[in-house]
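Participant:
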Amino acid sequence: MKQDKLEKFIIENREQFDIYEPGSELWDRINKPVPKTIRLNWKAIVLRVAAVIVIFVASWVIHDMVQKDDKNITENKIPVENGNMGQVNILMEAEMFYTSQINTARDEIIMLSGNDKLLLDDLNTDMVELDEVFEDLKNDLKDNSDNEEVIGAMIQNYRIKLEVLEEILMQLKKSKNFENLKNDSDEI
180 MKQDKLEKFI
190 IENREQFDIY
200 EPGSELWDRI
210 NKPVPKTIRL
220 NWKAIVLRVA
230 AVIVIFVASW
240 VIHDMVQKDD
250 KNITENKIPV
260 ENGNMGQVNI
270 LMEAEMFYTS
280 QINTARDEII
290 MLSGNDKLLL
300 DDLNTDMVEL
310 DEVFEDLKND
320 LKDNSDNEEV
330 IGAMIQNYRI
340 KLEVLEEILM
350 QLKKSKNFEN
360 LKNDSDEI
């Protein structure tokens with residue numbers, strides 16, 4: 180390997196370079212902590228801001244689409260003609276009332292029946308049949324075939340559900356009362 184003149188000069192005069200020792204002030208400056216400088220990577224910042232904007236816009240668009248779908252579903256759920264708004268309001272009020280009454284009665288039956296699986300299966304079968312009839316009525320209502328009669332039939336369906344549940348509830352209460360009386364007479 181060929182050496183250039185500077186390298187050759189340094190190698191030949193190495194001992195003359197080593198005669199000077201660095202001063203203590205030089206070591207103090209070397210040991211002095213260097214303040215950290217914060218460098219901003221503008222590309223990374225711009226990419227992060229762009230990602231946030233894309234996520235925001237995408238979520239806004241998706242939210243808007245979901246809201247439109249929900250609006251279409253509620254509009255398609257119960258068709259409303261100009262003169263039928265009162266009937267629809269009656270149906271909605273009846274639906275809220277009967278649904279809460281049915282849920283309360285069903286919970287009470289479950290509580291009173293305990294583990295009577297046969298009773299609960301029969302109850303669920305009856306409710307499924309009534310739900311199927313109700314779905315048929317909803318489809319009829321969508322077809323706008325005599326809305327007033329269909330709405331009346333839908334409300335009647337709720338009444339039947341509630342009557343079935345109340346009848347079962349009454350029978351369960353009678354049965355519990357009979358068992359309580361029997362237990363009381365056995366104790367005497």
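The opening position of the sequence shown corresponds to residue 180 in our numbering, with each subsequent residue numbered one higher. Every residue, glycine too, gets a C-beta built ideally from N, C-alpha and C.
1) Can you tell me where the alpha helix (DSSP H) with Leu-298 in it begins and where it stops?
2) Verify whether the separation of the beta carbon atoms of Leu-309 and Ile-339 is less than 8 Å.
3) What number of angstroms, rounded off, separates the C-alpha of Asn-318 from the C-alpha of Glu-287?
4) To the nearest angstrom, report how far apart Val-245 and Phe-235 are at their CA atoms.
5) Using beta-carbon positions only, say whether Gln-280 and Leu-341 come within less than 8 Å of one another.
6) Can you name the start and end residues of the alpha helix (DSSP H) that Asn-141 belongs to?
7) Would you identify the three-state DSSP class for Lys-352, choosing helix, strand or coil?
8) Can you find the residues in the same chain that come closer than 7 Å, C-beta to C-beta, to Ile-347, ignoring five residues on each side of it along the sequence?
9) Assign Gly-331 to one of three DSSP states: helix, strand, or coil.
Facilitator: Quick look at the numbers:
1) It spans 296-321 - the alpha helix (DSSP H) in which Leu-298 sits, taken as one unbroken run.
2) Inclusion of Leu-309 and Ile-339 in the CB contact set at 8 Å is warranted, their separation being smaller than that value.
3) The straight-line gap from Cα to Cα measures roughly 31 Å.
4) Here the alpha carbon of Val-245 sits roughly 15 Å from the alpha carbon of Phe-235.
5) Leu-341 is positioned such that its CB atom lies closer than 8 Å to that of Gln-280.
6) Nothing can be reported for residue 141, as the shown portion of the chain is limited to 180 through 367.
7) Lys-352 falls in the helix class under three-state DSSP.
8) The beta carbon of Ile-347 lies closer than 7 Å to those of Ile-288, Leu-302 in the same chain, with the five residues before and after it left out.
9) Here Gly-331 sits in helix by DSSP.
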